[in-house]
Each structure stands twice: as structure tokens, then as C-alpha cells.
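The structure appears right after this line, and notes come after that.
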Amino acid sequence: MSEHPLVGIVMGSKSDYEVLSAAVEILKVLEIPHEARVLSAHRTPDQLLEYVGTARERGIRVMIAGAGGAAHLAGVVAAKTLMPVLAVPIASTPLNGLDSLLAMVQMPKGIPVGTLAIGKPGAANAALFAAAILALNDPALYERLAAWRAARAQEVLEQKLPD
Ligand code: RP5
């Protein structure tokens with residue numbers, strides 16, 4: 711997106727994008743400027759810290775971090791910023807994301823990470839959570855988010871069961 715991004719998405723590997731794309735789709739629908747980067751807490755720690763350390767001054771207001779395995783990415787991001795950090799556990803190991811979920815949700819007291827569900831539902835909800843945070847100070851976004859919710863409700867009401 712050309713407008714300056716409000717949401718920064720980081721993921722530990724390009725392989726995580728299949729899941730994080732669910733967040734990108736929601737941000738696009740809600741017209742929230744965003745950017746996405748592949749940055750790993752253990753493979754590119756210096757570049758990750760540089761990115762997070764300069765995010766706020768570049769206008770980013772919420773971070774989304776998705777990773778699999780030991781999944782320390784969100785915790786490292788949260789260690790480097792006071793912005794809200796939303797974590798998406800990714801099922802990329804034989805433990806099916808439970809490893810990532812526990813790593814993210816069990817952050818020690820003092821450095822919070824808001825952990826969503828494993829996989830695409832969590833990625834979509836991370837984007838919706840980011841939208842809710844940004845909507846606190848953006849009435850137009852609040853209206854778009856309300857319309858999105860209303861559309862989902864309408865979808866349910868229009869569902870028909872077989873006779
Ligand atoms: C983690 O290791 C990444 O977040 C990814 O979920 C997982 C596997 O990475 P690749 O081997 O696909 O690069 O760091």
C-alpha cells in the first residue's frame with residue numbers, strides 16, 4: 711500500500727505467509743494501510759530489531775507477529791516496542807502450532823503479547839483486533855469495521871438448512 715502503513719506484519723519465514731495472508735486480506739478490506747516483512751528473531755535478529763525500533767517513527771501503530779515452532783518472534787518484537795503486539799501461532803512443526811501458541815501466550819509478566827488462535831482464524835482475528843485498536847481514534851474506520859461485522863451477521867441470517 712502506498713499510504714504510510716499503520717500496521718506492521720512480521721513473520722519468521724516466507725512459508726508463514728500462507729497463514730498471514732488472512733490478516734492481509736482483512737486489512738485490505740478495511741482499507742488499513744499496512745506492510746509485511748519476513749524477519750526472524752533467530753535468523754535475522756539485527757534486522758528485526760532495526761525494523762521494530764524504527765516502526766513507530768514511521769507511523770506504525772500496531773504490530774502483528776506470526777511464527778511457528780519456538781515462536782519467540784512476537785516476544786522479541788514486544789521487547790522492543792510499546793505498541794500493541796498481536797501474535798499469531800503457526801502450525802509449522804509436528805506439534806501443529808501448540809508449541810507456538812504456548813510460547814506466545816506464556817510471555818512472562820511485564821512484556822505483553824496478545825495471542826490469537828493458531829493459523830488463519832488467528833491471523834484474520836489479529837487484523838480485526840488491530841482494526842478495533844485503530845478504530846478507537848478513527849471514526850471512519852469504526853464505521854467500516856461495524857459494516858464488516860454487520861455483513862458477517864447477515865451472512866449467518868441468510869444461511870439455509872436443507873429441508
Ligand atoms: C519459524 O520456523 C518460522 O516462523 C516458520 O514458521 C518455521 C519454519 O520456517 P521455514 O523452515 O519454512 O523457513 O522460524
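Numbering-wise (our numbering), the sequence shown opens with residue 711 and increments by one.
For glycine and all other residues, C-beta sits at the position ideal for the given N, C-alpha and C.
Just so you know, these numbers come straight off a predicted model, no measurement behind them.
Excluding five sequence positions before and after N835, the CB atoms of its chain that fall closer than 6 Å to its own CB belong to L826, given in chain order. Per the Cβ contact rule, the region 713-731 is in contact with the region 744-756 (3 or more Cβ pairs under 8 Å). For L792 against F839, the beta-carbon gap comes to about 17 Å, at or over 8 Å, which does not count as contact.
In the three-state DSSP reduction, G807 falls in the coil class, being neither helix nor strand.
G832 and P872 have their C-alpha atoms some 30 Å from each other. Excluding residues up to 5 positions away in sequence, G778, G779 and D809 lie with their Cβ nearer than 7 Å to the Cβ of T803 in the same chain. Here A775 really is in contact with V720; their C-beta atoms are around 5 Å apart, less than 8 Å. Nearest Cα to L811 within the set H782, A789 and I821: H782. In this structure, the beta-carbon distance from V748 to I800 does not fall below 8 Å.
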